[in-house]
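Numbering (this note's numbering), first residue to last: 1 to 540. Glycine included, every Cβ here is placed at the ideal spot set by N, Cα and C. Okay, so here's the structure we're looking at.
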Amino acid sequence: MSVLKAKLRPHLHLRVPYESGKYGSRWSNRDLDPIPPEERTWGAIDYWAYWCSDMLAPPLASTVSSVMSLGFTARETIPIVFFGFLICSVVITLTGKMGATYNVPFPVIVRSIFGMYGSFPAICIRAFVALMWTAILTVQAGNFLQRALEAIWPSFIHFPNHLPESAGVTSAALLCIFLYWFAQTALALMPISKLRVLFWIKGVIVPPTFFALFLWAVIVTKGGGELVTGKAKVTSTYMNTAYSALTGLNVIIGLFSSLAVNMPDFGRFSKNRLAGPHQFLALPIIGTLGALTPIFVTSANSYLWGEFQWYMPDVIANFDSRAAKFFVSASFMLATIGNQVAAGTYPFSNDVTGMAPKYINIFRATIFISLFCIVSTPWNIIKNAAGLLAFLSGYSCLMGPLAGTMVCDYYIIKKRKLDIDQLYTDRGIYWYNGGWNWRAYASFVLGFAPLLPGFAKSIKPTLNVGGAWKIYTFAWIFGFFLSFSLHYIINTYISPATESLIEEAVLPPQKGDISPPVLEGEDTGSKEDYVTKEKEINIV
1 MSVLKAKLRP HLHLRVPYES GKYGSRWSNR DLDPIPPEER TWGAIDYWAY
51 WCSDMLAPPL ASTVSSVMSL GFTARETIPI VFFGFLICSV VITLTGKMGA
101 TYNVPFPVIV RSIFGMYGSF PAICIRAFVA LMWTAILTVQ AGNFLQRALE
151 AIWPSFIHFP NHLPESAGVT SAALLCIFLY WFAQTALALM PISKLRVLFW
201 IKGVIVPPTF FALFLWAVIV TKGGGELVTG KAKVTSTYMN TAYSALTGLN
251 VIIGLFSSLA VNMPDFGRFS KNRLAGPHQF LALPIIGTLG ALTPIFVTSA
301 NSYLWGEFQW YMPDVIANFD SRAAKFFVSA SFMLATIGNQ VAAGTYPFSN
351 DVTGMAPKYI NIFRATIFIS LFCIVSTPWN IIKNAAGLLA FLSGYSCLMG
401 PLAGTMVCDY YIIKKRKLDI DQLYTDRGIY WYNGGWNWRA YASFVLGFAP
451 LLPGFAKSIK PTLNVGGAWK IYTFAWIFGF FLSFSLHYII NTYISPATES
501 LIEEAVLPPQ KGDISPPVLE GEDTGSKEDY VTKEKEINIV
């Protein structure tokens with residue numbers, strides 16, 4: 001009978017294996033279901049290793065240098081970096097605790113906020129950022145591999161180019177991109193639990209490389225150079241120092257603004273629900289110390305070769321020592337792979353799985369994003385600091401309101417009380433109106449609408465948008481607090497979604513529990529009151 005049904009309904013062949021869905025519904029598969037207690041193994045040290053893997057990478061260097069391109073020196077840039085990461089770390093910790101409490105990823109958590117179908121646009125917004133960053137990093141890593149090969153075989157510098165200038169890439173660069181792509185794809189297809197070892201390896205190798213580059217830059221410039229010890233010279237024609245500082249702050253927040261909404265993807269592996277203050281401290285400490293290297297290296301490049309160069313492969317190309325070229329390039333390749341997995345392929349694959357769990361899993365989504373890295377041409381985005389600055393600020397317009405809506409809904413409206421089973425249920429308490437929560441979308445859209453004129457001007461500077469660009473300089477902060485406030489007002493005074501509010505949270509089973517798991521401040525009730533729901537439905 002099952003064979004006959006498969007012949008009559010060929011789309012069944014495209015489904016992921018049945019056993020991957022504990023809840024037996026179209027909203028469930030193994031990658032989306034709550035992490036079993038035995039797989040919740042990440043502690044504080046693991047998360048610090050993760051942050052080292054995520055932060056000490058080319059995006060940090062390019063983002064910090066983008067701030068410096070506004071005309072700032074180290075004295076202005078370092079405080080901007082610290083406070084930018086500090087602000088972002090608060091939101092990252094808040095969203096991370098959502099996943100750590102219910103042991104589910106971002107695409108499942110967001111169902112409780114935007115609705116079962118309403119979660120799809122939110123997922124797409126986040127997934128697009130991961131898609132673009134992964135493609136960008138593939139190009140950068142390919143350039144690092146090219147520098148490493150040039151260090152081993154100097155003749156590779158003169159590798160013949162058979163591509164036209166309009167292609168935007170040379171034959172040598174394209175070859176290296178493909179070589180790196182094979183290694184990156186192989187690692188990306190491994191389960192995230194096994195890749196924790198990669199984060200540890202990177203945590204041992206990459207920080208010493210960053211420190212060595214920092215020392216080299218300090219020594220050759222005899223203390224830092226003009227970009228470190230000089231005076232700030234704002235380069236924008238329409239900003240003063242204050243608004244330039246806000247723009248720089250927005251760029252720093254923008255680097256991890258996407259991770260601020262999908263931290264549940266990693267928080268769900270926590271063995272103690274992200275207990276302790278370490279998450280608040282990791283981002284500003286690691287980020288600020290790591291930012292010293294690109295700041296001083298950029299200054300050294302200007303001091304030695306007379307050019308403000310933010311793109312690290314081009315900085316490495318200027319090195320005289322072949323050994324330095326090779327080891328720095330190899331280390332940055334490792335840094336890029338770790339960052340790509342932590343902030344690119346895994347979040348993207350996790351997120352899009354939530355849109356069609358019966359047909360998409362992490363493995364299939366990873367294949368897609370890997371192919372995208374080849375068929376797209378992301379090197380056009382990273383040609384100059386101004387283009388990267390516009391890109392980072394642009395998606396901050398969306399990430400800030402999205403994070404504000406999520407934090408308000410979970411902590412203020414629902415008071416951290418969700419029903420884990422209803423997150424996988426058709427027409428349950430998170431169905432809202434036809435699968436959409438219009439309240440969340442009203443908060444989200446109204447949060448980024450005032451930022452659109454500034455975003456348009458960032459793309460085309462000749463546009464006259466009046467004073468709207470001033471709001472855009474702190475787009476993420478503005479969008480976060482406006483959406484947060486609007487969501488509270490709508491759900492408290494205008495149209496409360498009472499059907500989604502519950503008296504007691506329903507959590508997944510906890511390891512070693514002898515009583516029903518509860519959240520802080522909740523009534524415990526009796527053990528008999530707690531029922532763990534497990535559905536086993538035979539699906540062809």
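For Asp351, name the three-state secondary structure that DSSP assigns. Against the sequence shown, residue 351 aligns to sequence position 351. In the structure shown, Asp351 sits in a helix (DSSP, three-state: H, G or I).
Can you tell me whether Asn103 is helix, strand or coil according to DSSP? Translated into the one-based positions of the sequence shown, residue 103 becomes position 103. Note: Asn103 maps to coil in three-state DSSP.
Option nearest Phe210 by Cα separation, candidates Arg268, Gln184, Gly96 and Thr298: For the purposes of this step, residue 210 is taken as the residue at position 210 of the sequence shown. Of the listed residues, the one whose Cα sits closest to Phe210 is Thr298.
Would you say Gly447 and Ser53 are within 7 Å of each other, going by their C-beta atoms? Residue 447 sits at position 447 when you count from the first residue of the sequence shown. Residue 53 sits at position 53 when you count from the first residue of the sequence shown. No, the Cβ-Cβ distance between Gly447 and Ser53 is not below 7 Å.
Using beta-carbon positions only, say whether Val206 and Ala300 come within less than 7 Å of one another. Taking the sequence shown and counting its residues from 1, one reaches residue 206 at position 206. Taking the sequence shown and counting its residues from 1, one reaches residue 300 at position 300. Cβ distance not < 7 Å, so Val206 and Ala300 don't count as in contact.
My guess is that Thr95 and Val341 are in contact by the Cβ rule of under 8 Å, so how many angstroms apart are they, rounded? Position 95 of the sequence shown, counted from the start, is the residue given in the question as residue 95. Position 341 of the sequence shown, counted from the start, is the residue given in the question as residue 341. That belief does not hold up - the Cβ atoms of Thr95 and Val341 are roughly 20 Å apart, past 8 Å.
Quick check on Leu8: buried or exposed, where buried means 16 or more other Cβ atoms within 10 Å of its Cβ? The count along the sequence shown starts at 1 and reaches residue 8 at position 8. Residue confidence is low: Leu8 scores 46 on pLDDT, short of 50, so the model does not pin down where it sits. No coordinate-derived value is stated.
If the criterion is Cβ atoms closer than 7 Å, does the pair Ile502 and Lys417 meet it? The residue labelled residue 502 in the question sits at position 502 within the sequence shown. The residue labelled residue 417 in the question sits at position 417 within the sequence shown. Result yes, Cβ atoms of Ile502 and Lys417 sit closer than 7 Å.
Could you tell me whether the Cβ atoms of Ile469 and Gly454 are closer together than 7 Å? Walking along the sequence shown from the start, residue 469 turns up at place 469. Walking along the sequence shown from the start, residue 454 turns up at place 454. Reading off the sequence shown, one finds Trp at residue 469, where the question assumed Ile. The Cβ atoms of Trp469 and Gly454 sit closer than 7 Å to each other.
For a quick check, are the C-beta atoms of Met274 and Lys97 less than 7 Å apart? Translated into positions along the sequence shown, residue 274 becomes position 274. Translated into positions along the sequence shown, residue 97 becomes position 97. Met is not the amino acid found at residue 274; the sequence shown has Leu there. Their beta carbons are under 7 Å apart, which means Leu274 touches Lys97 by this criterion.
Whole-angstrom distance between Phe269 and Tyr508, CA atom to CA atom: Working through the sequence shown from its first residue, we reach residue 508 at position 508. Working through the sequence shown from its first residue, we reach residue 269 at position 269. It is worth fixing the name first, because residue 508 is Pro in this sequence and not Tyr. Approximately 13 Å, taken between the alpha carbons.
Can you tell me which residues form a DSSP beta bridge with Asn433? Mapped onto the sequence shown, residue 433 falls at position 433. According to DSSP, which records beta bridges pairwise, Asn433 is partnered with Trp436.
With a cut-off of 8 Å on the beta carbons, I'd call Tyr50 and Phe332 a contact; round off their distance for me. Taking the first residue of the sequence shown as position 1, residue 50 is located at position 50. Taking the first residue of the sequence shown as position 1, residue 332 is located at position 332. Contact doesn't hold; Cβ gap of about 18 Å is too wide.
Whole beta strand (DSSP E) elements within the stretch 105-158, 3-residue minimum: Listed in chain order, there is nothing to give.
What is the DSSP secondary structure of Val169, counted as helix, strand or coil? In the sequence shown, the residue the question calls residue 169 occupies position 169. Correct three-state label for Val169: coil.
Buried or exposed for Ser69, please, with buried defined as at least 16 other CB atoms from any protein chain shown within 10 angstroms of its CB. By one-based count along the sequence shown, residue 69 stands at place 69. Ser69 comes out buried.
Any heavy atom of the ligand PLP closer than 6 Å to the beta-carbon of Ser62? By its list of ligands, the structure shown contains no ligand whatsoever, and the ligand PLP lies outside what it can speak to.
Compute the Euclidean distance between the alpha carbons of Ala365 and Arg75, then round it to the nearest angstrom. Numbered from its first residue, the sequence shown carries residue 365 at position 365. Numbered from its first residue, the sequence shown carries residue 75 at position 75. If I take the Cα positions, the gap works out to 43 Å.
Using C-beta distances below 7 Å, list every residue in its chain close to Ile374, excluding the 5 sequence neighbours before and after it, in chain order. Taking the sequence shown and counting its residues from 1, one reaches residue 374 at position 374. If we look at Ile374 and ignore the five residues flanking it on each side, its Cβ neighbours are Trp181.
Can you give me the Cβ contacts of Val91 inside the same chain, cut-off strictly under 6 Å, excluding the 5 residues immediately before and after it? Start at 1 with the first residue of the sequence shown, and residue 91 comes out as number 91. Contacts found: Ala260 and Ala403.
Between the beta-carbon of Cys176 and the beta-carbon of Gln140, is there less than 7 Å? In the sequence shown, the residue the question calls residue 176 occupies position 176. In the sequence shown, the residue the question calls residue 140 occupies position 140. No; because the gap between Cβ atoms is not below 7 Å, this pair is not in contact.
Own chain, CB closer than 6 Å to Thr247, minus 5 neighbours either side, in chain order: Numbered from 1 along the sequence shown, position 247 holds the residue referred to as residue 247. The residues are Thr473.
Exposure label - Thr345; buried when at least 16 CB within 10 Å: Residue mapping note: residue 345 aligns to position 345 of the sequence shown, counting from 1. Buried, since its Cβ has 16 or more Cβ neighbours within 10 Å.
Can you give me the Cβ contacts of Phe372 inside the same chain, cut-off strictly under 7 Å, excluding the 5 residues immediately before and after it? For this step, residue 372 is matched to residue 372 along the sequence shown. Same-chain partners within the cutoff: Leu131 and Ala135.
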